[in-house]
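Residue 20 in the numbering used here is what sits at position 20 of the sequence shown, and the numbering runs on without skipping anything.
A short worksheet on the structure shown next.
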Amino acid sequence: MESILRKRHFQSNKENQKRSWLRLLKFLIPFLILSGSVFLRAQEEAKGAFIVTVTGKIGLENLGNILPHEHVTTDFLGAEIAPQPRYSKDNAITTILPHLKNLKEKGYGLFFECTPNYIGRDVELLKALSELSGLKIVTNTGYYAAVNKKFLPKHAYTESSETLAQLWEKEWQEGIGDTGIRPGFIKLGVGKGPLDAIEEKLLNAALVLHKKSGLQMAMHTGDGEAALSEYQIITKAGVDGKNMIWVHAQNGKDKERIALAKKGVWISLDGVSSEKMDSYVTMIRILKENQLLSRLLISHDNGWGVEDEKGTISLVPFDKGKNVPYQTIHEVLLPRLQKMGFTKAEIDLITIENPIKAYSLKP
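Right under this line is the structure:
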């Protein structure tokens with residue numbers, strides 16, 4: 001009798017478990033179907049995402065390592081003083097091309113050139129260099145108000161933010177000048193402290209274009225106080241922090257970087273050099289300790305400045321060539337991070353995945 005009762009009890013429990021599983025599946029199946037459709041939809045959206053380079057639109061597959069904030073040529077003369085460019089295109093190609101070819105050979109496939117209009121932006125040179133090197137290059141639209149407004153055209157003071165946005169939108173829609181070359185992001189520059197009226201006007205113009213185009217806003221920023229001011233302006237306009245790149249975030253404090261990264265802002269540590277390597281390694285380590293590597297971008301901020309020596313125009317590497325352009329991250333920084341225990345997945349996150357997420361556009 002006891003064995004019969006145990007058998008019946010076992011069968012009863014088994015039937016109860018079966019009914020429980022059926023009820024659970026009845027609940028889960030719609031959720032799983034919905035989750036699956038969301039996942040598939042996300043996959044399809046990712047497939048359609050793109051980046052606009054000086055040679056046209058590209059997908060996001062097999063881009064290799066990425067440098068998210070560099071320069072090629074920058075002319076520090078000042079806005080509207082002399083016709084641009086002041087150098088020979090052929091000489092510029094001879095000077096710069098070997099460095100871009102070297103990047104390509106080392107596995108870099110994409111390069112964001114952050115020189116704005118009125119400070120030496122030369123999109124025809126960028127296109128020629130891209131075609132000759134095989135390295136994809138992205139240029140920008142927008143204006144640069146840092147350095148006491150030295151590089152702002154006169155009309156930036158008199159035009160409204162809506163009119164400025166229209167000028168930049170024309171570059172996005174039709175191309176820069178008559179080149180047909182379109183920008184792939186918006187570049188601004190501001191000084192230290194809360195944004196002044198002109199800086200805020202430029203940011204509002206960028207917000208108008210961003211809302212229409214989805215173009216990322218990369219902002220040269222003087223300090224952490226200015227970065228917080230930018231964040232407050234864009235969020236007040238209903239734009240998420242992920243649509244802001246705090247360029248030169250190394251000029252802020254750890255607590256400022258951590259606070260804004262937690263709000264979704266991209267933290268761009270630019271100007272990586274051998275002389276300052278320890279400080280960059282420390283900043284990156286602190287972001288990792290706070291689980292914020294997913295918000296990190298790194299770059300050299302390298303390039304060539306246009307110099308006039310008694311009427312002879314030449315291109316001189318930034319910092320007078322103390323560091324070979326575009327090499328320090330690959331040759332020094334990444335090996336240091338690997339020795340510290342950074343995994344390949346973490347390195348790929350910083351050098352490949354983050355720049356793609358920061359700059360890619362949806363169809």
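By construction, the Cβ of each residue, glycine as well, lies at the ideal position given by its N, Cα and C atoms.
Please read these numbers as outputs of a predicted model, since none were measured by experiment.
DSSP places GLY142 in the coil class of the three-state scheme, outside both helix and strand. Secondary structure note for ILE284: its alpha helix (DSSP H) is the uninterrupted segment 277 to 289. Taking a contact to require three or more Cβ pairs closer than 8 Å, the segment 148 to 157 and the segment 121 to 132 do not qualify as touching. Looking at the DSSP output, THR53 shares a beta bridge with GLY56.
According to the DSSP assignment, ASN65 belongs to no alpha helix (DSSP H) but to the beta strand (DSSP E) extending over 65 to 70. The C-beta distance from TYR144 to PRO183 rounds to 14 Å, too long to fall under 8 Å, and the pair is not in contact. For THR312, the enclosing beta strand (DSSP E) begins and ends at 312 to 317. In the same chain as VAL332, and ignoring 5 residues on each side of it, the C-beta atoms closer than 7 Å to its own belong to SER274 and MET277, in chain order.
Within 10 angstroms of the beta-carbon of ASN62 lie fewer than 16 other beta-carbons, which makes it exposed. HIS220 is bridged by DSSP to GLY189 and VAL247.
Following the DSSP letters along the chain, one finds ILE298 inside the beta strand (DSSP E) bounded by residues 296 to 298. Taking a C-beta distance under 9 Å as the contact criterion, ILE258 and LEU297 do not qualify as a contact pair.
DSSP links TYR108 through a beta bridge to ASN65. Per DSSP, the continuous beta strand (DSSP E) segment holding LEU269 begins and ends at 266 to 269.
Rounded to the nearest angstrom, the gap between the Cα atoms of TYR87 and LYS150 is 21 Å. Burial is judged here by how many other beta carbons sit within 10 angstroms of a residue's own beta carbon; VAL306 has at least 16 and is buried.
Counted as a single uninterrupted DSSP element, the alpha helix (DSSP H) harbouring VAL208 occupies residues 197 to 213. Remark: C-beta atoms of ASP122 and VAL72 approach each other more closely than 9 Å. Residue range 304 to 309 is occupied by the beta strand (DSSP E) that includes VAL306, with no alpha helix (DSSP H) assigned at that position. Within the same chain, Cβ atoms closer than 7 Å to the Cβ of THR221 are found at VAL190, ALA227, GLU230, TRP246, VAL247 and HIS248, the five residues on either side in sequence being excluded. In the same chain as LEU207, and ignoring 5 residues on each side of it, the C-beta atoms closer than 7 Å to its own belong to ILE234, ALA237 and VAL239, in chain order. The straight-line gap separating the alpha-carbon atoms of ASN102 and THR328 is approximately 13 Å. DSSP lists GLY305 as the beta-bridge partner residues of THR74.
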